[in-house]
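In order, the protein sequences belong to chains A and B.
When you number the first sequence by the numbering used here, it's gap-free, plus one each residue, and the end is 335.
When you number the second sequence by the numbering used here, it's gap-free, plus one each residue, and the end is 426.
C-beta atoms are modelled at their ideal positions from N, C-alpha and C, and glycine is treated no differently.
Only a predicted model underlies this, so the values are computations on that prediction, with no experimental measurement involved.
Notes to accompany the following structure.
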Amino acid sequence: MTPHRWAWRLVTALLAIAILFPLYWALVSSFTPEARLFGSPALTPGRLVLDHYRALFDERDFWTPIRNSIVVAGTTTALSVTLGALCAYAVARLRFRGKTLLLGFVLAVSMFPQIAIVSPLYMALRAAGLLNSYPGLVLPYLTFAMPLAIWLLVGFFRQLPRDLEEAALIDGAGRLRTLREVVLPLAQPGLATTAILTFLYSWNEFLFALSFTLGPERHTVPVAITLFRGQYQVPWGQILAAAVVATVPVVAIVLIAQRRIVAGLTSGSVKG
Amino acid sequence: MMHRRSGHLAPAHEWQRGEARLAWALVLPAIGAIALIAVAPIGWTIWESLHLDDLRMPWLGRPYVGLANYAEAWGDGRFWSALAHTGMFVAASVSLELGTGLLLALALDRVSRGASAMRTAVLLPWAIPTVVAALVWRFIFESPGGLANALVEGSGATPPTWFADPFMAWVPLVLADVWKTTPFVALLLLAGLQSIDRSLLEAASVDGAGPWRRFTNVTLPLLAPALLVAFLFRTLDAFRVFDVVYVMTGGGPGTATEPIALFTFSTLLQHLRFGYGSALSVVVFIVAFGFALATIRVFGGDAFLDRGR
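Written out as structure tokens, the structure is:
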């Protein structure tokens, strides 16, 4: 083996450590007693305790933000994948004018800085009585989820073979039946990838959730963790335990769907 | 190519019109929703920015004040320093991310054993909530007694109190952002690397080009489109930085690390000055959009819009 290859192995190993170490550190610390969190850090855990996790669910009712996050991210995903699929199919397969313009529009919206629409959305949601409600989060979330879903799905639909579709059309199935019975089943991997990415973005969203929820009963997981306060000091143990809890579903999704996520991210040039 | 519908052959223009009508029916719900909840609000923000609207003082009403809010921003030192902070943050984090991302992509391209495990590891920082990443890094840099300080002390130096120092507070901020988003850059660049025709590299090798020359003369030019896409997306994203700063420093000490998105947010939702906050929002919007348009104009829109054809 050449020294060149060894150098690359070393670089790869160092990068892997740099990537994984903070996660490892958070995980270990979330099991460390509060009194030992600061002061002589040791790389390997000493005694592990479940105190922080117990406090998280017994004292702080962390289930509520988890439920809120699941409801909001799930609804956002369902809506944007359904409506996005109809739109993307038309863009990918039907002939009509203004298609390029339409895609440019979708791309442009996906580049909007979120903060630019916080003030009108806040006023509109307040006027409609939707502040601090599930719809009051799902609707703003569609502003980034819908363009993302359309953009990804157009790419997936374009990759599908046309033969089966055309056979169905010639048999007189009509566009909508073809879409339902031929295209959508074929496009399932693409739909799954889109749903995964949309869910992740919605699960992680912070600015809208912080702006449009008012109390702990509607806070999502990221907002709830950020607003943790202790009586005298920052409750780091519980914060890290909550961080681990918020990360577990994400890690599970990544482990199961690594290939799909990479394909979706790179094919669509999705924003980071 | 003609599609025959239900038995008889319709004249071409007729089914074409039918198809276009169906297309718009399918497109309308999604595009309508986007227009209603994303585009209309932009118009509303602009309109609101021309008014005095202070929710703490409702008795003042909502009078039209023309460009007064913009004039206030022009004379507001905090606005200019927030813009400057944002610019510094974008420059530091995006350049580090492109550099590290390129290195990571090259490493991923070479790794043979454990490639799948490595890719999963790379996805983790990208996939976890930004807020969580920021909290973990804040914990590492917390002083006294945090891990970063222990490392600095171990090397014999006196550790800074990171978050109390107007300059050093940037270090954990940029580091957290680089850690979180470099994987995305690396994956984009990896896709670009893998689309490079290997025979070009072999030909260069046969012509006597060493690894460095192959990299600079073959790989880099062919990677330029992917680098450009990564640059554009990362810059737009870093420009609206909010989560990391809100969690790690809250813009402090004082307002030393306050970016424009955080200044706008606190103007709107803490001081409830919606007129002024909307003017700030419009500025953010114009800068971001101007940057995107300029990049696409300079480098060509093909890299982004090739799906439109």
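Minimum Cβ-Cβ distance from residue i to chain A less than 9 angstroms
i, result
"residue 426 of chain B", "Unreliable positioning characterises residue 426 of chain B in this predicted model, as indicated by a pLDDT of 34, which lies under 50. The coordinate reading is nonetheless provided below. True, the Cβ-Cβ gap to chain A drops below 9 angstroms."
"residue 233 of chain B", "yes"
"residue 339 of chain B", "no"
"residue 442 of chain B", "No information on residue 442 of chain B is available, as it lies outside the stretch 118 to 426 that chain B covers here."
"residue 187 of chain B", "no"
"residue 382 of chain B", "yes"
"residue 363 of chain B", "yes"
"residue 262 of chain B", "yes"
"residue 323 of chain B", "no"
Classification of residue i by the beta-carbon crowding that lies within 10 angstroms, buried from 16 upward
i, result
"residue 185 of chain A", "buried"
"residue 286 of chain B", "buried"
"residue 121 of chain B", "Since pLDDT at residue 121 of chain B reaches only 45, below the 50 mark, its modelled position is unreliable, and no value is offered."
"residue 299 of chain A", "buried"
"residue 329 of chain A", "buried"
"residue 267 of chain A", "buried"
"residue 115 of chain A", "buried"
"residue 412 of chain B", "buried"
"residue 180 of chain B", "exposed"
"residue 191 of chain B", "exposed"
"residue 241 of chain A", "buried"
"residue 152 of chain A", "buried"
"residue 174 of chain B", "exposed"
"residue 164 of chain B", "exposed"
Contact list for residue i against chain B, beta-carbon separation under 7 angstroms
i, result
"residue 238 of chain A", "139"
"residue 210 of chain A", "151"
"residue 306 of chain A", "249, 252, 253"
Below-9 angstroms beta-carbon distance, residue i vs any chain B residue
i, result
"residue 135 of chain A", "no"
"residue 267 of chain A", "yes"
"residue 152 of chain A", "yes"
"residue 126 of chain A", "no"
"residue 123 of chain A", "no"
"residue 67 of chain A", "yes"
"residue 147 of chain A", "yes"
"residue 328 of chain A", "yes"
"residue 168 of chain A", "yes"
"residue 196 of chain A", "no"
Contact list for residue i against chain A, beta-carbon separation under 8 angstroms
i, result
"residue 133 of chain B", "158"
"residue 136 of chain B", "157, 158, 159, 238"
"residue 314 of chain B", "Within chain A, no residue comes near residue 314 of chain B; the closest Cβ sits about 18 angstroms away, beyond 8 angstroms."
Residue range of the unbroken alpha helix (DSSP H) whose run includes residue i
i, result
"residue 290 of chain B", "287-311"
"residue 378 of chain B", "377-382"
"residue 92 of chain A", "66-93"
"residue 236 of chain B", "232-244"
"residue 245 of chain A", "Note, residue 245 of chain A: premise wrong, no alpha helix (DSSP H); not H, not E."
"residue 233 of chain A", "226-233"
"residue 212 of chain B", "194-227"
"residue 258 of chain B", "247-258"
"residue 266 of chain A", "251-267"
"residue 218 of chain A", "198-222"
"residue 115 of chain A", "114-121"
Chain B residues whose Cβ lies nearer than 8 angstroms to that of residue i
i, result
"residue 87 of chain A", "Those do not exist, as residue 87 of chain A stays about 10 angstroms from chain B at its closest Cβ, beyond 8 angstroms."
"residue 172 of chain A", "151, 155, 156"
"residue 120 of chain A", "Correct list: empty, because the minimum Cβ distance to chain B is about 18 angstroms."
Contacts of residue i in chain A (Cβ-Cβ under 9 angstroms)
i, result
"residue 414 of chain B", "Near residue 414 of chain B there are no residues of chain A at all, since even the closest Cβ is about 13 angstroms away, more than 9 angstroms."
Beta-bridge pairing of residue i - partner residues as DSSP gives them
i, result
"residue 390 of chain B", "B/171"
"residue 181 of chain B", "B/168"
Chain A residues whose Cβ lies nearer than 7 angstroms to that of residue i
i, result
"residue 165 of chain B", "182, 183"
"residue 428 of chain B", "Outside the shown range of chain B, which is 118 to 426, sits residue 428 of chain B, and nothing can be said about it."
"residue 308 of chain B", "329"
Contact set between residue i and chain B, taken where Cβ atoms lie within less than 9 angstroms
i, result
"residue 191 of chain A", "What residue 191 of chain A touches in chain B: nothing, since even the nearest Cβ is about 12 angstroms away."
"residue 107 of chain A", "In chain order: nothing, as chain B lies at least about 13 angstroms away."
"residue 245 of chain A", "Correct list: empty, because the minimum Cβ distance to chain B is about 14 angstroms."
Short CB-CB distance (under 9 angstroms) between residue i and chain C
i, result
"residue 368 of chain B", "Looking for chain C here will not work: the only protein chains present are A and B."
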